[in-house]
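Engineer: Got a structure here, written out as structure tokens. Questions coming.
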Amino acid sequence: MKIVVDENMPYARELFSQLADVESAPGRSLSSEQLTTADGLMVRSITRVDQALLENTAVRFVGTATAGMDHLNTADLQAAGVAYSAAPGCNAIAVVEYVFSALLALAERDGFLLTDRTVGIVGAGNVGGRLQRRFEALGIKTLICDPPRADRGESGEFHSLETLVREADVLTFHTPLYKEGPYKTWHLADQTLLEALNPGTILINACRGPVVDNAALLTVLNQRNDLSVVLDVWEPEPELSLPLLAKTDIATAHIAGYTLEGKARGTTQVFEAWSAFIGQPRQVSLSELLPAPDIGQITLNGECSQAMLKRLAHLVYDVRRDDALLRAVAGQAGEFDRLRKHYQERREWSSLQVDCDTAATAEKLQQLGFTAKFTGTC
């Protein structure tokens, strides 16, 4: 058997070579000619998989090492009898910690406490749900907008998007991209919504670029300077609006989900799906794949203030590094994708063991995702 994998999918060769011959290919320029004799195709979000790509190929299975599947034409796959699988939740923790890194940086810059802010979360799935739990662990008020879940009668308190716009100090988007239908998210944040944002609102988009109308956002930012904007995703990619970039507070190259753990989860999930598809099911432990972190242990005495949380969070990952890297090369051909392809290794908070002298601090840090241990007597 033969499998074609995206060249930037970590651990793919090590895993898939156990079951098939593996050929790596650049995801953005993948062609059907490269898939003529391939039984399986493993991609990321930059590869559009549809009838045109798979026609006259031997592909029987498509796996995407991403949480979303909007780049897969599932109707075409079903019509062709091609099985497919995604990796839901694989990078959710990474995106949550990206949002925290950004907010902690802005809070330090502007001198506010997160506990004095209300956070509106649009989309309560793998990312939004985790984000809500971490905010609530810090005593931060959250408002959730998720019409599909509300309509299904799922547990929890849901609010309209209009309520979030009216009452939230932070508005962060974590939805799939739906271009049509009753739950359309294409340009969910349109000019009307953006103009209605309260002064001082922080707008974050770390899901899909077109969820926020980038042209409308630039128009609004040209008219007012009382908003803060964090963008990890753009409309379109890999091109982006340089005037919009100049108006953002934090800007990155679609890397919010790019932790080593998140990438490894994506690869292992599609590997396990592929192995089950061919009747040779395998289970993979992340601990067997991941290297030891550069900084693995630290001691914390006393309570965990917001300033201390920022130090811990940025010790693991400081989003301002990626902001500076994007601004340094923005507008240069191919640099957006190069930043993603050669992304510096980044770990999740769980990679850092924090030894605490109070049980309460250890418990709080555990709720936030750190590997915290109580080593004292308090």
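UniProt numbering puts the sequence shown at residues 1 to 378.
Note that CB positions come from ideal geometry on N, CA and C, so glycine has one too.
Between V165 and L197, how many whole angstroms is the CB-CB distance? I'm expecting something under 8 Å.
Structural biologist: With 8 Å as the limit, V165 and L197 qualify as a contact, their Cβ atoms being about 6 Å apart.
Engineer: In terms of alpha-carbon separation, which member of G156, D151, T115 and A253 lies closest to K141?
Structural biologist: The option with the nearest alpha carbon to K141 is T115.
Engineer: Say whether the segment 237–252 touches the segment 56–66, bearing in mind that this needs 3 or more beta-carbon pairs closer than 8 Å, one atom from each stretch.
Structural biologist: With a cut-off of 8 Å, the segment 56–66 and the segment 237–252 do not count as touching, because too few Cβ pairs lie within range.
Engineer: Looking at R347 and P281, is the spacing between their C-beta atoms short of 8 Å?
Structural biologist: No, the pair does not count as a contact, with Cβ atoms beyond the cut-off.
Engineer: Under a three-way DSSP split, which group does V211 fall into?
Structural biologist: V211 falls in the helix class under three-state DSSP.
Engineer: DSSP state of N205, grouped into three classes?
Structural biologist: Strand.
Engineer: What does DSSP give as the partner residues of T64 in its beta bridges?
Structural biologist: Paired residues: V43.
Engineer: Give the single residue among V270, T252 and V4 whose Cα lies nearest to the Cα of D323.
Structural biologist: That would be T252, whose Cα lies nearest to the Cα of D323.
Engineer: Based on the DSSP output, what are the partners of L103 in its beta bridges?
Structural biologist: Answer is none; L103 lacks a bridge partner.
Engineer: Give the single residue among L143, T172, D169 and P148 whose Cα lies nearest to the Cα of H159.
Structural biologist: When only C-alpha atoms are compared, the closest one is L143.
Engineer: Closest by CA to E272, which one among A87, L300 and D232?
Structural biologist: Comparing Cα positions, the closest option is A87.
Engineer: CA-CA distance, G40 and N8?
Structural biologist: Spanning the two alpha carbons is a distance of roughly 16 Å.
Engineer: Please classify G200: does DSSP put it in a helix, a strand, or coil?
Structural biologist: The answer is coil: DSSP assigns G200 none of H, G, I, E or B.
Engineer: T118 to A168, Cα distance in whole Å?
Structural biologist: Computed Cα separation, rounded: 5 Å.
Engineer: Under 8 Å, do A83 and F277 count as touching if we go by C-beta distance?
Structural biologist: Contact: yes.
Engineer: In this structure, how does DSSP classify T268 when only helix, strand and coil are distinguished?
Structural biologist: Reduced to three states, the DSSP call for T268 is helix.
Engineer: If we ignore side chains and look at the alpha-carbon of each, how far apart do P210 and P182 end up?
Structural biologist: Their Cα atoms are separated by approximately 17 Å.
Engineer: How should E235 be labelled, buried or exposed, when 16 other C-beta atoms within 10 angstroms of its C-beta is the threshold for buried?
Structural biologist: Flag for E235 reads buried.
Engineer: If you check the beta carbons only, do L368 and R134 fall under 8 Å apart?
Structural biologist: Yes, they are a contact pair.
Engineer: Going by CA-CA distance only, name the one from G331, A79, G156 and G81 that's closest to S241.
Structural biologist: The candidate whose alpha carbon is nearest that of S241 is G331.
Engineer: Kindly list the residues whose CB is nearer than 6 Å to the CB of S45, restricted to its own chain and excluding five residues on each side of it in sequence; keep chain order.
Structural biologist: Same-chain partners within the cutoff: T66 and H71.
Engineer: Identify which residue in Y11, M1, I3 and D6 has its Cα closest to the Cα of R265.
Structural biologist: Here the closest residue by C-alpha is Y11.
Engineer: Buried or exposed, going by whether 16 or more other CB atoms sit within 10 Å of the CB of N214?
Structural biologist: Its Cβ being crowded by 16 or more others within 10 Å, N214 is buried.
Engineer: Classify K263 as buried or exposed, calling it buried when 16 or more other Cβ atoms lie within 10 Å of its own Cβ.
Structural biologist: With 16 or more Cβ atoms within 10 Å of its Cβ, K263 is classed as buried.
Engineer: State the Cα-Cα distance for the pair V170 and N91, rounded to the nearest angstrom.
Structural biologist: Using only the alpha carbons, I get a separation of about 22 Å.
Engineer: Does DSSP put S350 in a helix, in a strand, or in coil?
Structural biologist: S350: helix per DSSP, three-state reduction.
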